Each structure stands twice: as C-alpha cells, then as structure tokens.
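Asker: The following block contains the structure, expressed as structure tokens.
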C-alpha cells in the first residue's frame, strides 16, 4: 500500500487526486506544512509515502516515473517527492527541517535549491526535496524528456502547462521508453516494433514480467523438445518456437519498464532463464541429430563452453572497470568516433552476434539445415565475435591508465571461483607473487589452462599425464590469485579458468569415446556454468559472491578439474561416464537448492529492486 499526501488547497478542476489513485495511492489532504508533517507521521512505517503539491500539472507517466519506481528509495520530480520504507526516516527529517525553517507556517522561507525545478510556485514538496539534498540524501530524478511536470505559479502559467500536457502523448512516450535504449539490430528492427504492444497488452491484463519470463522459458523448452524429435517438421517447429520465445524474452523486459515492475527476483529469473533456454535448445538439437544418426554432442558442448566463456569475458571486464574513470585510451576514442557514423554502430553490434542475431541464426538454420551445420555456424560466429570483443578490450586495458579498486579486485576474485586447494597454495605464494611482473596472473592462468587441456587432448584416455597437468594447474591457479587482481589484464583470469575447466571436461569426455559420456559432460558443465552465472548475478545485485561453504563443497574450478582427471585415470570409460553423470546431478542439486533459497529469501526480505538491462550477447 502507498499513501500520497496532497499539500495545499485543491485547485478547482484539478485531476491530481484521481491520477494518484489510478497509480495505486491512497490520498490524504494536508492544507499546510503542519498538517503534512502530521499526516506523514500517521502513515505506517512499512509503506511508501509521497508528498505532492495540489497545484501539480503534468503527465500521469511523469508521476508514475517519479513516484512508483521500486528501484530508488528516494525520488522526486517537480512538485512531488516520494520515499520507500527504508528512506522514510530521511524524508521525515527533511520535513521536520523544512517545517522548522518555515517557522511552522505553510509558506515560510524555502531552503536554497541545489538545482532548479520547472515552475515558479513555492512548493512544499520541492522544499522537502531541497532539504533532502542538503542532508546529502541520494534523491533519484527520472529523465522526463518531453513529459511535463511543473507547479504553475498563476492561472496563466497553469493554462500554458495544461496546453503543454495536451501537446505530448504520454502513452506514446511510455511505449517508446519501454524499449531498451541500446539493443541489437534484429531486436531493434524486427522484434521491438511490435513486442512493446504485447507488453502493453500484458500490463493491461495484470500479467507480471516474471509470468512472461516463465512463458518464454516454457516456449523455449517446447522448442528444444521439437528439435529433439529429429524430424524436419520438428526442426521447423523448433525454429518458429525459438523466435516466439525470444519475442517473449524481449516482452518481459519491456513490460517491466512499461509498468515499472522491477524486482531482484525478476532480474535473476530473466538472466538465468536466458541461459537455460539457449543451452537446453543446444541439447535438444543434439538429441535430434542423434536420432538421425549424427552425433554432435561435442559441438553442442563446445558451443556452450564458447558462449559461456564469452559471457565471462564480458562480466570480468565490466567488473574490473566498474569503479574506473572514463576510458580515455586511443582504442576507446576510436570506438567513439566509429559510433558517430550511423551505419558502423549497427555493423559493430551485429558482428558480436548478440542474442537477437544469434537466436535468429539458430532458428533459421534449424528449420532449413541440419543440427551439425547449425552448430558449425554458431561456433564460427561466436569464435569471431569472441576474438573481436576480447581483442578490443585487451587493447583498451593496455592503453589506458587506470587503478583497479579493491571492489574490482574482490569481484574478480569471486568470479575466479577458487576452491580450497588454490586458496591454500596461494597463501604460500603470496610474498613471491608480489615481486612478479604485472602480467603474471593472466599469463600463468593461461599457461596452466592450456597445459591441462592440451595434455588431455594429446594423450590416451586413462593415462596419468592429464592428472599430472591438473596438479600443475592447481599450482598455476594458486599463483594467479596469490595477489589482488588489480593488473591491467587481470580480468582475463576468470575466463581463462572457465575455459580450462570446461575444456578439460569436454576433451576427456570425447576421449572416453563411449556412448553417453558427452551428454553427461554437457550436464556437468551446465551445472557448473549455472553456478558461475549465479555468482555474476549476485555481484551485480550487490549481494556479493555465493557463500564460501558452497564454493568449498563443489571444490572450486581447480578442485573439480583435478577430480575429473583423477576419475579419468582410475575408471574405465563406461565408469567415467557414470561418474560424470553423478557429479552433474550432485553439483546441480547443491547449487540450485542454495541459489533458489538465496534469491527467494532476498525477494521476501525486501531486497532492493533492480533491473539489469542484460548483456546483448
């Protein structure tokens, strides 16, 4: 429940009271500052409260943006200010300060404003906002663009404001703002022009973004089931349903922006389900190919490994530069110049194969070609995109002068997912590591990963050499994280670890050359990848990494790599397949149960609402 306190005398013909009620507010009238302070005290502490000037003139959507967005504890627009429960104390203090400064009257001397507002009237809501600013409170002011929000000082100004309101279609503005500001070519020109209307249809029928997200997941799983039939009709249906799933995937975010239904749980579901949909579809294609006598499980697993490593590159680079100043490197300057030429923007967005382009390609090739051709195209496209983006980020990192913060180093350490073996060895490497060159961490992470994957690939299954390489990998992994990851290229450490672990599982399962080993490896990598994605979403949500006991329980990346190589040495190929299956189930159960418990508890506990626009890849 939310309460809006209308301050001052109602203006004849004003619709502000009905507009606030349409936004879900209970409305109380308070003629002066004393009545406003008393009304504010009566509102239960667990409710949102807004203070709005009775003379306010503006669009309903301006009020919606200013007063109902759940992401911001404090927010204001000209003539209105709001506080969620966690910021009620700050609002109460500001109200008390303003009332005291006004000498207990409704229209005393106002505090100096830190920035001007539209309108010339002396507004209590604006004076409260100024008091919040003076207290150092973080007051969100939404970008209104062409929307009107003002407190007119006289009848003439009021008439002019009303004419300005009539001159702008706020529903058109609302629909336009529902679309993500920066997106891929396919999404921008082939999906969003109509998916925004689907979002509005959903909003008017009371559907939530989480329900649309779930519908998108179910549609994608049905698509994967159609692909698993291995028939041409099944492949065509799978392609169509995959596109339908993507339309719904765009719709859920647009619905969240259209209706301001943001939540921590919703952001997690949206991000997690995107990965589940795509990787489940890979599995469906592999099953369908197997029905036709073509084993493409290695390609399916390779596609998942490559796509996951691409995302880790994105996550690590962004976290490493989260608190850094603007990138002034020559590479960044060149990128900005290219963005000033219209057509290059779309070319550069398309060549990185974002989710819209990628899913469109997969859907079309599924319908008209074979799963093998689909995976070949996917692997080539993703490999090129990964090379392009990673090279650009390496150049930016090498040519910029920036200092990594402790927060960035902590985030990279969490993304590294080091287990007890690497942590224990890292303590012994601490002092020597501080004397090594700055490129040591990514260099040893790369060399250790290459060693274990190459050894597994170049030796016979069951031989001891992959185990020896895995032991060396534990030591190189420890050396890589022995000091804080603050070097220019230290953000490469987590993706190198991911490639090493996933690549080792892929190669050993392929070398086992027994039916079912690669599907079991696919399941294990999917379970571990979920844990790594979950770590990212927790960091982005401000919750920090998963608990240390979880990382220790599932061994860390180096522990799992070592265990996999031990199993390959000690077991027969058939036994190895069974062991991979057991590991996949065990890891999946542990990480899923803990993850679901965490996110549901965070949602019920009133965690701050977030809305992650998500990575275009």
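In my numbering, the protein residues as written are 45 to 661.
A virtual CB, placed ideally from N, CA and C, is assigned to each residue, including glycine.
From a predicted model like this one, the values you see are computed outputs, not experimental measurements.
Which residue wins for smallest C-alpha separation from residue 57, given the options 642, 293, 202?
Answerer: 202
Asker: Within 10 angstroms of the Cβ of residue 235, are there 16 or more other Cβ atoms? Answer buried if so, exposed if not.
Answerer: buried
Asker: Might you give, ordered along the chain, the residues of its own chain that have their beta carbon closer than 8 Å to the beta carbon of residue 461, omitting 5 neighbours on each side?
Answerer: 538, 541, 575, 576, 579, 595, 600, 601
Asker: Taking the alpha carbon of residue 430 as the reference point, which residue from 277, 420, 357 has its own alpha carbon closest?
Answerer: 357
Asker: Is the distance from the Cβ of residue 517 to the Cβ of residue 544 below 8 Å?
Answerer: With a cutoff of 8 Å on beta-carbon distance, residue 517 and residue 544 are scored as near each other.
Asker: Based on the DSSP secondary-structure assignment, which residues constitute the bridge partners of residue 95?
Answerer: 49, 125
Asker: For residue 322, tell me which candidate among 480, 302, 348 has the shortest Cα-Cα distance.
Answerer: 348
Asker: Quick check: the stretch 548 to 556 against the stretch 525 to 537, are there 3 or more CB pairs under 8 Å?
Answerer: no
Asker: Reducing DSSP to helix, strand and coil, say where residue 177 ends up.
Answerer: helix
Asker: Using the three-state DSSP reduction, which class does residue 70 fall into: helix, strand or coil?
Answerer: strand
Asker: Identify every run of the alpha helix (DSSP H) within the stretch 494 to 559, keeping only runs that are complete inside it and at least 4 residues long; order them along the chain.
Answerer: 509 to 524, 537 to 556
Asker: Do you know whose CA, among 345, 53, 69, lies nearest residue 97's CA?
Answerer: 53
Asker: Rounded to whole angstroms, what's the CA-CA distance from residue 325 to residue 224? Just pull it up for me.
Answerer: A direct Cα-Cα distance of roughly 25 Å separates residue 325 from residue 224.
Asker: What does residue 120 pair with, by DSSP beta-bridge criteria?
Answerer: Residue 120 is bridged by DSSP to 125.
Asker: DSSP on residue 184, reduced to helix/strand/coil?
Answerer: strand
Asker: Ignore the nearest five residues each way along the sequence and tell me which others in residue 617's own chain have a CB closer than 6 Å to its CB.
Answerer: 556, 558
Asker: For residue 49, is the classification buried or exposed, using 16 other Cβ atoms within 10 angstroms of its Cβ as the cut-off for buried?
Answerer: buried
Asker: Span of the alpha helix (DSSP H) holding residue 199?
Answerer: Per DSSP, residue 199 belongs to the alpha helix (DSSP H) from 199 to 210.
Asker: Excluding five sequence neighbours on each side, which residues of the same chain lie with their C-beta closer than 8 Å to the C-beta of residue 160?
Answerer: In this prediction, residue 160 has a pLDDT of 38, which is less than 50 and means its spatial position is unreliable; what the coordinates show is noted afterwards. Around residue 160: no qualifying Cβ.
Asker: Excluding the 5 residues preceding and the 5 following residue 205 in the sequence, name in chain order all residues of the same chain whose CB lies nearer than 7 Å to its CB.
Answerer: 101, 192, 194, 196
Asker: Indicate whether the contact test is met: 3 or more Cβ pairs, each with one atom in the stretch 386 to 402 and one in the stretch 267 to 283, closer than 8 Å.
Answerer: no
Asker: With burial defined as no fewer than 16 other Cβ atoms inside 10 Å of the residue's Cβ, what is the status of residue 398: buried or exposed?
Answerer: By the neighbour-count definition (other C-beta atoms within 10 Å, threshold 16), residue 398 is a buried residue.
Asker: For residue 634, collect the residues of the same chain with a Cβ closer than 8 Å to its Cβ; drop the 5 residues on either side in sequence, then sort them by chain order.
Answerer: Cβ within range, chain order: 594, 597, 598.
Asker: Could you say which of 250, 60, 216 lies nearest to residue 240 if we only look at CA atoms?
Answerer: Nearest C-alpha to residue 240: 216.
Asker: Thinking C-beta only, is residue 185 closer than 8 Å to residue 127?
Answerer: no
Asker: Tell me residue 102's beta-bridge partners as DSSP assigns them.
Answerer: 193
Asker: Extract the residue ranges of the alpha helix (DSSP H) inside the stretch 547 to 630, only unbroken runs of 4 or more that lie entirely within it.
Answerer: Complete alpha helix (DSSP H) runs here, min 4: 561 to 584, 592 to 597, 600 to 614.
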